[in-house]
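The next block holds one structure in the form of C-alpha cells; read it before the comments.
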Ligand code: SF4
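In the UniProt record's numbering, the protein residues as written are 1 to 503.
See the structure below:
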C-alpha cells in the first residue's frame, strides 16, 4: 500500500523537441506514477519538475537555463521540491547543467531514463545532485511503464538510436547506435493500447526503414523485410483503425514497404519522407546517401500504388556551402514532389555536429531570403493540393487541441486518414476520439474546412475515455537490459534537512 505522505508528492514533466521526447516523457510519467508520484493539476506547482530537453532546437540551452533560473526562487521557498533535467541536452551538457544551475537535483541522459526515481531518491538522501549519464542503453524504454497523453492515439517505439551520420544531426552522438525491439514486443504494446480504446498508433524510430538491422534480442537474425512485415502484422490487429510511422529514410526505403502500405487497409495513406536538400552536392555534404532522382522515384512509386497519399517532408535551407544553384535544385525538387506540406528549417550551427566545422557557412541574410522563397513556393503548392480535396468525403478522427481557433469559429478539428488537418462544423455530442465523415468545403495553406455538417458520426471507446478523462497506461513490455531498482519516493523532506542540492 502506498504511504499517504508519499502519495501526495506531485510531478510535472516539461517536454521539448521531437516525438521521441514526447514519447519518452510518457515513459517518465509512467515511471514516476509507478513510484508513487501523482501528476500535478494544471497551474499547481509540482513537488518535482522534470525537464525532458532537446539539443536540436535553436537556443535550447538558453531556454533551459532561463526556465531553471525561474524555478530557483520557487525551490528556495518550497522545502523538498526537486528538479530533474534529462533528454538530449542533458546527455550533451552533462556536468555543466549542475555547474550552471546548482539547484538542480538530478541530471540523467537519454540512455537511462529508467534511473530517474532512483536518482531522485539518492539525491534526496545524500542532499547533493546526482548526475548519471550513460553511453549505452540501460534499458529499452519500452521496458518501462508509460502514462499515455492521448486516449485515442499512441506512440509505439520500434527502435532507438541511428546508424546514419548525417552531418547536421546530433542524434547519433546522443542517442547512440540503432537497437531494434522484437516484433512480438512491439505488437504486444500495440495490442495493449488497442485494448484500452486507442484506435491510432504511430510507429516511431529515427529511421524506421532500417528496422531489423540490429535486434536487441541476439537470437533474432538481421531481417531486411522486418519493417514491411511489421506493418502487415499491424494490419491484422482487430480494432486498430489507423497506423502511421515516422521517420522513414529515402536511402533505405524499399518497395516492399510501399506494397505493405498499399495492401494493408489500416496503414494510413500518408508518408513523411525527409528530403533535406534537392541538391546532390549538398546531400553528399550532408552525408545523406540518396540523390534527388532516387528521392523523386520513391514518390512516383508510392503514388502509383497509393494515388491519394499525402507526402510531407523536412527541408534544411542554407547548409554550409549551399550555392544559389544548389538552392534552385531544392526548389526544382519541391516543385516536382508536390508535398502536401513541408517542415522547413534554416540551417544554423549545432555545436558537436560535423557540419558545425564545415567551411562556407552561408550568411544569415542569404539563408533568410532563400527560406522565404521556399516557404512561398511550398505554400502555393500546399494550397493547390488542398484545393483538390474540396468536394471529397473524408473520415476524421476527432482531435483534442488541434484547432487553436475552434472556440472562436465554433468548429471542431480532426485528422483525415492522410494526416491533413480539417476544421469542421460539429455538434456537442461529438467527442475527441470519435470518428466522423465530412465533405471538404474549403481549403487554406495549413488546413481544410468542412462547413457542410457531419455526414456520419461513430461514437468510440476512445471518445468515452476522453469524456471520462481516462488515458491508457501501458505496462513494461519486453526484456530489460539491467535496470536499477525503482523505489517509491521518500516523503517530502522536513525543512531543516533541505537546502538546495549542490554538486
Ligand atoms: S537519419 Fe540522419 S537526421 Fe535522421 S536521426 Fe539519423 S543521423 Fe539524424
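Quick reminder that beta carbons are idealized off the backbone N, C-alpha and C, glycines included.
What do you reckon, is the C-beta of residue i under 7 Å from a heavy atom of the ligand SF4?
i: residue 281; result: no
i: residue 265; result: no
i: residue 172; result: yes
i: residue 313; result: no
i: residue 19; result: no
i: residue 164; result: yes
i: residue 82; result: no
i: residue 465; result: no
i: residue 206; result: yes
i: residue 249; result: yes
i: residue 169; result: yes
Within its chain, find whatever has a CB closer than 6 Å to the CB of residue i; leave out the 5 residues flanking it on each side and keep chain order.
i: residue 130; result: 106, 119, 122, 123
i: residue 11; result: 32, 37, 46, 48
i: residue 337; result: 299
i: residue 14; result: 51
i: residue 383; result: 445
i: residue 253; result: 209, 298
i: residue 431; result: 463, 466, 467
i: residue 16; result: 53, 54
i: residue 392; result: 440
i: residue 262; result: 305, 306
i: residue 260; result: 228, 231, 232
i: residue 192; result: 474
i: residue 469; result: none
i: residue 341; result: 312, 382
Can you find the residues in the same chain that come closer than 7 Å, C-beta to C-beta, to residue i, ignoring five residues on each side of it along the sequence?
i: residue 190; result: 156, 201, 234, 237, 240
i: residue 71; result: 49, 83
i: residue 453; result: 425
i: residue 370; result: 317, 318, 327
i: residue 245; result: 202, 203, 208
i: residue 459; result: 434
i: residue 23; result: 155, 157, 204
i: residue 400; result: 432, 466
i: residue 171; result: 162, 206
Note down, in chain order, each residue of its chain lying with its Cβ closer than 8 Å to the Cβ of residue i, except the 5 sequence neighbours on either side.
i: residue 18; result: 54, 56
i: residue 26; result: 146, 147, 148, 149, 155
i: residue 366; result: 318
i: residue 293; result: none
i: residue 277; result: 283, 286, 288, 315, 316, 319, 322, 326, 329, 330
Beta-carbon separation of residue i and residue j under 8 Å?
i: residue 165; j: residue 305; result: no
i: residue 194; j: residue 258; result: no
i: residue 318; j: residue 347; result: yes
i: residue 308; j: residue 418; result: yes
i: residue 422; j: residue 396; result: yes
i: residue 182; j: residue 228; result: no
i: residue 242; j: residue 264; result: no
i: residue 568; j: residue 344; result: Residue 568 lies beyond the range of the chain shown here (1 to 503); nothing can be said about it.
i: residue 310; j: residue 411; result: no
Where do the N-terminal and C-terminal ends of the alpha helix (DSSP H) with residue i fall, by residue?
i: residue 60; result: 60-76
i: residue 331; result: 324-337
i: residue 367; result: 364-387
i: residue 97; result: 96-100
i: residue 412; result: Premise fails: residue 412 lies in the beta strand (DSSP E), 412-416, not in any alpha helix (DSSP H).
i: residue 227; result: 226-235
In whole angstroms, give me the CA-to-CA distance for residue i and residue j.
i: residue 251; j: residue 474; result: 33 Å
i: residue 220; j: residue 320; result: 41 Å
i: residue 92; j: residue 61; result: 10 Å
i: residue 176; j: residue 137; result: 8 Å
i: residue 8; j: residue 35; result: 12 Å
i: residue 28; j: residue 112; result: 11 Å
i: residue 390; j: residue 450; result: 9 Å
i: residue 480; j: residue 357; result: Confidence in residue 480 is poor, its pLDDT being 40 and thus under 50, which makes the residue's placement unreliable; the coordinate value appears in the next sentence. Distance between the alpha carbons of residue 480 and residue 357 is about 38 Å.
i: residue 20; j: residue 153; result: 15 Å
i: residue 352; j: residue 158; result: 27 Å
i: residue 101; j: residue 188; result: 41 Å
i: residue 230; j: residue 141; result: 19 Å
i: residue 442; j: residue 385; result: 12 Å
i: residue 90; j: residue 96; result: 9 Å
i: residue 81; j: residue 364; result: 42 Å
i: residue 213; j: residue 315; result: 26 Å
i: residue 77; j: residue 472; result: 35 Å
i: residue 179; j: residue 134; result: 15 Å
i: residue 68; j: residue 280; result: 42 Å
i: residue 126; j: residue 94; result: 19 Å
i: residue 273; j: residue 368; result: 24 Å
i: residue 87; j: residue 406; result: 33 Å
The beta strand (DSSP E) with residue i in it runs from where to where?
i: residue 346; result: 341-346
i: residue 124; result: Where residue 124 is concerned, there is no enclosing beta strand (DSSP E), although the alpha helix (DSSP H) it sits in stretches over 116-126.
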